[in-house]
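Sequences listed follow chains D and P, in order. Numbering of the first sequence is given in our numbering, commencing with residue 378 and proceeding in unit increments. Numbering of the second sequence is given in our numbering, commencing with residue 378 and proceeding in unit increments.
2 protein chains.
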Amino acid sequence: MVDIQRYIQEQKALIDEALARYLPAEEHYPPAIFQAMRYSVFAGGKRVRPILALAVAETVGATADDVLPLACALECIHTYSLIHDDLPALDNDDYRRGRLTNHKMFGEANAILAGDGLLTFAFELMGDMRHWKAMPPERVLQVMHEVAYAIGTFGMIGGQVVDLQMERQEVDLPTLQYIHAHKTGALIRASVRSAAILGGGSSAEVEALTHYGTHIGLAFQIMDDILDVRGDEQLMGKALRKDAERQKATYPRLVGLAESEARAQKAVSAGIAALELFGERGAPLRDLAQFIIARDS
Amino acid sequence: MVDIQRYIQEQKALIDEALARYLPAEEHYPPAIFQAMRYSVFAGGKRVRPILALAVAETVGATADDVLPLACALECIHTYSLIHDDLPALDNDDYRRGRLTNHKMFGEANAILAGDGLLTFAFELMGDMRHWKAMPPERVLQVMHEVAYAIGTFGMIGGQVVDLQMERQEVDLPTLQYIHAHKTGALIRASVRSAAILGGGSSAEVEALTHYGTHIGLAFQIMDDILDVRGDEQLMGKALRKDAERQKATYPRLVGLAESEARAQKAVSAGIAALELFGERGAPLRDLAQFIIARDS
């Protein structure tokens, strides 16, 4: 796993540098909102979605640089969803990645507005033709629509709503699968798909990568459930076994730990199988898929 | 004022019909989020921003139909901003337009997500090329960027942040002007500008309409402040004099009622003056500007 870890570190550095450049500086007026936005964007996230986007762009023959504004927008969207998810009215979390959550640091009102600000900024970033050099505008537009749909009520928000409704309730596997596919899966799938479209992938390539994105999105979420049970609290930087305390439905709870691991492995294998048409070019995405279930945080 | 009231009613019907068609039906899964979104979108809003957008499109020689998805997106954005603004952590309002606010009806978590859903949906709607017929994609993209910027941290959200910071504080006129220009002004200005761009207005026309939008945005907000003091609670459908109770800065509080009225009138006159190059075609926008300060709710 040495090479993929180095690959991840390199892509992460590229993304962090670009995020620091794109996001408005904290000196702007009113500073509170820019501080709150940057606080959560630079809170030690793994950058899974933007790393996938860069790797996908390279897989379809574009460069990481070509899709950098998209990659950063995806991370802003992910961060917004975490900030709102952590709010007292939703999951009511005090810590994330070992640091106080946004509303604990900046107050609830600022956290709501910082989330709104990051979501809005993601579209501002994607919609700014100055970032896109020779990228055809219709492709940018298609990707903005793709992303908006994925994070809307038929995607991520739908998953959050059902997740909330199901707290302290008996949840069956189909409902859990709906939550996972929407709350986490939709944005991961859209990260892969939109980078493939922007990168100029053929229909066959976009289709193959859609399968890849769907499968690894699932694997990623099952692993999250597993890590909540057996993970190292220090490494995860948040209170674990919280899902169990809340009697929240998870894969381990519904199908057991061993079966959860088997399903995560199966999803990764299916994701890798979808990469066949890329041959050797598919190596980074293959290794990233493996890494998802090998990770310990 | 008979003609302009009829004009407003007709445009409003067009917008309400389009909103009902574009917004996902309440039967979709999970119904709670679609109910919450529709509840606030169809809560009796005046449709100021979309009506302006349609009128601007006609003024630059396009049709209302050409900009209908933009007009509806603007109303979704306005509604999202109201839902989040009413939340307990922000303005903590129980009523709006005579009905319970979104979080009072659906709970805080659903209200936060319904706001997120409407903001996201606005971009989904604008980004969907199926709605745009022959509209050039680069123009749609430009408008999405324009709108995102206007409602972001340098626009509407910036205004909300400063507004919150200034509660129960002595506010000077420049700060109040910042709040008004950003919290309300930016979206009204963007409604006018983006419809002008989409409608194919020339640079001179877009520039003239930018001035128009800036001035009437200001007039609109001063009128809102004035109506809070002297308005009819029944007509406004919300608790009035609330600004005063909260010691919130308003124009009447800072410069007096008579001077506020003079400033609103002056802003309307400046807005109308900016329409000169349109000649007779500018009539609806001229009448809309007049209507802004003649309204009683």
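A virtual CB, placed ideally from N, CA and C, is assigned to each residue, including glycine.
{"Item": "Helix, strand or coil at TYR472(D) [DSSP, three-state]", "Value": "strand"}
{"Item": "8 Å Cβ cutoff, VAL517(P) in contact with chain D", "Value": "yes"}
{"Item": "Proximal chain P residues relative to MET521(D), where beta-carbon distance stays under 7 Å", "Value": "PHE500, GLY504 and MET521"}
{"Item": "Positions along the region 432-466 of chain P whose CB lies within less than 7 Å of some CB in chain D", "Value": "HIS461, LEU464 and ALA466"}
{"Item": "Nearest candidate by alpha-carbon position, reference GLY421(D), set LEU564(D), ARG474(D), VAL632(D) and ARG663(D)", "Value": "ARG474(D)"}
{"Item": "Buried versus exposed call for LEU518(P) [16 or more other C-beta atoms within 10 Å across all chains shown]", "Value": "buried"}
{"Item": "Cutoff 8 Å: ILE410(D) Cβ touching any chain P Cβ", "Value": "yes"}
{"Item": "ILE392(P) versus GLY438(P), ILE410(P), ALA409(P) and LEU447(P), residue with shortest Cα-Cα distance", "Value": "LEU447(P)"}
{"Item": "Closer than 8 Å to chain D by CB, ASP470(P)", "Value": "no"}
{"Item": "Residue ranges of each alpha helix (DSSP H) within the region 472-559 of chain P, 4 or longer", "Value": "479-483, 485-503, 514-528, 533-542 and 550-557"}
{"Item": "Whole-angstrom distance between LEU652(P) and ALA585(P), CA atom to CA atom", "Value": "6 Å"}
{"Item": "Three or more C-beta pairs below 8 Å linking the region 565-575 of chain P and the region 621-636 of chain P", "Value": "no"}
{"Item": "Contact check, ILE528(P) vs THR530(D), beta carbons under 8 Å", "Value": "no"}
{"Item": "Segment contact, 8 Å Cβ cut-off, at least three pairs: the region 501-517 of chain D with the region 484-492 of chain P", "Value": "no"}
{"Item": "Sequence-distant residues of its chain with Cβ nearer than 6 Å to GLN624(D) (five each side left out)", "Value": "ARG545"}
{"Item": "8 Å Cβ cutoff, LEU631(D) in contact with chain P", "Value": "no"}
{"Item": "Residue from ALA397(D), THR627(D) and LEU541(D) whose Cα sits closest to the Cα of GLY606(D)", "Value": "One detail in the question is off: residue 606(D) reads as Val in this sequence, not Gly. Checking every option, the nearest Cα to that of VAL606(D) belongs to THR627(D)."}
{"Item": "C-alpha distance - ASP380(D) paired with ASP462(P), whole-angstrom precision", "Value": "48 Å"}
{"Item": "First through last residue of the alpha helix (DSSP H) which encompasses ARG640(P)", "Value": "634-650"}
{"Item": "Segment limits, alpha helix (DSSP H) that includes THR591(P)", "Value": "580-607"}
{"Item": "CB contact check: THR591(D) to chain P, cutoff 8 Å", "Value": "no"}
{"Item": "Span of the alpha helix (DSSP H) around GLU452(D)", "Value": "445-463"}
{"Item": "Among ASP664(D), VAL425(D), ASP493(D) and VAL524(D), the one whose alpha carbon lies nearest that of MET503(D)", "Value": "VAL524(D)"}
{"Item": "Cβ-Cβ separation, ARG415(D) to LEU400(D) (assumed contact under 8 Å), whole Å", "Value": "6 Å"}
{"Item": "Selection from VAL418(D), PHE668(D) and ILE599(D) that minimises the alpha carbon distance to LEU495(D)", "Value": "VAL418(D)"}
{"Item": "Proximal residues of chain P, C-beta to C-beta of TYR628(D) below 8 Å", "Value": "Result: empty, since nearest Cβ-Cβ is about 21 Å, beyond 8 Å."}
{"Item": "Distance, ALA641(P) Cα to LEU550(P) Cα", "Value": "15 Å"}
{"Item": "Residue-level contact to chain P via CB, THR561(D), 8 Å cutoff", "Value": "no"}
{"Item": "Under the three-state DSSP convention, the category LEU467(D) falls into", "Value": "coil"}
{"Item": "CB contact check: GLY535(D) to chain P, cutoff 8 Å", "Value": "yes"}
{"Item": "C-alpha distance - ARG570(P) paired with LYS389(P), whole-angstrom precision", "Value": "20 Å"}
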